[in-house]
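Colleague: Numbered according to numbering that gives the first Met the number 0, the sequence shown spans residues 0 to 230. Okay, handing you the structure first.
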Amino acid sequence: MAMTQDELKRRVAQAALAHVLPSLGAGRIVGVGTGSTTNYFIDALASVKERFDAAVSSSDASAERLAAHGIEVLDLNDVDAVAVYVDGADEVEPGGALIKGGGGAHTREKIVAAASEVFVCIVDDSKMVNTLGAFGVPVEVVPMARRSAARRLQSLGGDVRERGGFVTDNGNAVLDVHGLSIAEPHAIEARFNNVAGVVENGIFAVNRPDLVLVGTSDGVREFTPSDGPRP
Ligand code: 5RP
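The structure is reproduced here in C-alpha cells:
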C-alpha cells in the first residue's frame, strides 16, 4: 500500500539509526541537520540517547528539539570531531549531489556536514530527480548585499526571488534562484559562492553525502554517491 510522504520520512529516519549506531560510543558526537525528515530522525535518536555523548546541531530549531529530548547540544567549536551527520534534502540527483536550504539552514548544515566523518542523507523518494534545479537554489546573503547579489545571480542566468520576511539563524537573508537545470553542480556551487556577499549556497556537490537513504513504499533503498570521497 502506498505510504504518505510523512510516513516515508519517518521510515527513512528510523532506518538511519542502523547506520548511525555503529559509529556511536562514549565521546562520540552526532551531527544533526534541519527539517521535517530530520525531526523524525531526532525523535528516533532520542530512543538511543544513552549510546552517545552529545549532538552538534545545524539550526536553532533542531537544537531546541534535541534539548527537549534531553540530548546535550554542543557548539561545533567545542568538539574535536563529529562521528556522523544526518540530514534531509530538497533534491538528490543520481550522483548524490544535493539541493538543500528549503528551511534556510544550509550554511550551518554544510559546515557541520563538512566537519563530520560520515554524512548520511535521508529523503523520501519524492526528492529524487534526474537533474538538480527545479526546487530552486537557496543562497544565503549578507543583508547589505541583498540587491547587488540578486542582480549578479540574475546575470548568471537564474530567476532570483528574495525569500520575504525570512532571516537565517546567522542573521542573513535568503535569495532563491529558480529556472536552472544544473548539469554541473560543482561548477554552479563554486560560481554562486564567488558572488560578493554570498555566505553559502544550497548546492552540496563538493560536500555530497557518503550515503543516501531513500524511503519508498517498498522499503528503504540506499546508494553511495559516485563522485569519490569528500575532500
Ligand atoms: C533545511 C534543509 C532540509 O534538509 C530540506 O529543506 C528538507 O526538508 P524536509 O525534510 O522538511 O523535506 O535543507 O535547510
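Glycine included, every Cβ here is placed at the ideal spot set by N, Cα and C.
Touching or not, the region 70-85 and the region 5-23, by the rule of three or more beta carbon pairs under 8 Å?
Modeller: Touching, yes.
Colleague: Tell me the DSSP secondary structure of Arg220 in three-state form.
Modeller: The residue given as residue 220 occupies position 221 in the sequence shown. In this structure, Arg220 counts as strand in the three-state DSSP scheme.
Colleague: Helix, strand or coil: how does DSSP classify Ala66 here?
Modeller: In the sequence shown, the residue the question calls residue 66 occupies position 67. In this structure, Ala66 counts as helix in the three-state DSSP scheme.
Colleague: Within its chain, find whatever has a CB closer than 7 Å to the CB of Thr130; leave out the 5 residues flanking it on each side and keep chain order.
Modeller: Locating residue 130 in the sequence shown gives position 131, counting from the first residue. Around Thr130: Glu92, Ser180, Ile181 and Ala182.
Colleague: Give the single residue among Leu23, Ala112, Asp123 and Glu116 whose Cα lies nearest to the Cα of Leu7.
Modeller: Reading the sequence shown from its first residue, position 8 is the one you call residue 7. Comparing Cα-Cα distances from Leu7 to each of Leu23, Ala112, Asp123 and Glu116, the minimum goes to Asp123.
Colleague: Mind checking Asp217: buried by the 16 CB within 10 Å criterion, or exposed?
Modeller: Here residue 217 refers to the residue found at position 218 when the sequence shown is read from its first residue. Exposed, because fewer than 16 other Cβ atoms sit within 10 Å of the Cβ of Asp217.
Colleague: Leaving out five residues on either side along the sequence, give the residues of the same chain with a beta carbon under 6 Å from the beta carbon of Ile70.
Modeller: Your numbering for residue 70 matches position 71 in the sequence shown. Cβ within range, chain order: Lys48 and Ala54.
Colleague: How is the alpha helix (DSSP H) around Asn38 delimited, first residue to last?
Modeller: For this step, residue 38 is matched to residue 39 along the sequence shown. Run containing Asn38: Ser35 to Ala45, per the alpha helix (DSSP H) assignment.
Colleague: When DSSP labels each residue in this structure, what does Asn200 get in the three-state scheme?
Modeller: Here residue 200 refers to the residue found at position 201 of the sequence shown. In the structure shown, Asn200 sits in a strand (DSSP, three-state: E or B).
Colleague: Indicate, with yes or no, if the ligand 5RP has a heavy atom lying under 6 Å from the CB of Lys109.
Modeller: In the sequence shown, residue 109 corresponds to position 110, counting from 1. The answer is no for Lys109.
Colleague: What's the C-alpha gap between Ile121 and Ala186?
Modeller: As a working mapping, residue 121 is identified with position 122 in the sequence shown. As a working mapping, residue 186 is identified with position 187 in the sequence shown. Their backbone Cα atoms lie some 24 Å apart in a straight line.
Colleague: Are Ala112 and Asn206 closer than 7 Å when you measure CB to CB?
Modeller: Sequence index remark: in the sequence shown, residue 112 carries index 113 (1-based). Sequence index remark: in the sequence shown, residue 206 carries index 207 (1-based). Taking 7 Å as the Cβ cut-off, Ala112 and Asn206 qualify as a contacting pair.
Colleague: For Arg38, collect the residues of the same chain with a Cβ closer than 7 Å to its Cβ; drop the 5 residues on either side in sequence, then sort them by chain order.
Modeller: Here residue 38 corresponds to residue number 39 of the sequence shown, with the count starting at 1. This sequence places Asn at residue 38; Arg is not what is there. Contacts found: Arg64.
Colleague: Name, in chain order, the residues that DSSP records as bridge partners for Arg160.
Modeller: Numbered from its first residue, the sequence shown carries residue 160 at position 161. Answer is Asp175.
Colleague: Below 8 Å, how does it come out for the region 102-110 and the region 28-35: are there three or more Cβ pairs, yes or no?
Modeller: Yes, the region 102-110 is in contact with the region 28-35.
Colleague: Do Phe134 and Ile98 have their beta-carbon atoms positioned less than 7 Å apart in this structure?
Modeller: In the sequence shown, the residue the question calls residue 98 occupies position 99. In the sequence shown, the residue the question calls residue 134 occupies position 135. Closer than 7 Å, so yes.
Colleague: Round the Cβ separation of Ala114 and Val136 to the nearest angstrom and send it over; I've been treating them as touching at under 8 Å.
Modeller: Working through the sequence shown from its first residue, we reach residue 114 at position 115. Working through the sequence shown from its first residue, we reach residue 136 at position 137. The Cβ separation is near 23 Å, so there is no contact.
Colleague: Could you give the uninterrupted runs of the beta strand (DSSP E) lying entirely in the region 43-125, keeping only those of 3 residues or more?
Modeller: The qualifying runs are 53-56, 81-86 and 115-123.
Colleague: With burial defined as no fewer than 16 other Cβ atoms inside 10 Å of the residue's Cβ, what is the status of Pro230: buried or exposed?
Modeller: Translated into the one-based positions of the sequence shown, residue 230 becomes position 231. Its pLDDT being 43, under 50, Pro230 is placed unreliably in this model, and the coordinates cannot settle the point.
Colleague: Using beta-carbon positions only, say whether Val138 and Leu174 come within less than 7 Å of one another.
Modeller: As a first step, residue 138 must be located in the sequence shown, where it is residue number 139. As a first step, residue 174 must be located in the sequence shown, where it is residue number 175. Yes, these two residues count as a Cβ contact at 7 Å.
Colleague: Select from Asn169, Val194, Gly170 and Thr167 the residue whose C-alpha is nearest the C-alpha of Arg146.
Modeller: Numbered from 1 along the sequence shown, position 147 holds the residue referred to as residue 146. The candidate whose alpha carbon is nearest that of Arg146 is Val194.
Colleague: Should Ile28 and Val78 be called a contact, given that it needs their Cβ atoms to be closer than 7 Å?
Modeller: On the sequence shown, position 29 is the one that residue 28 refers to. On the sequence shown, position 79 is the one that residue 78 refers to. Taking 7 Å as the Cβ cut-off, Ile28 and Val78 qualify as a contacting pair.
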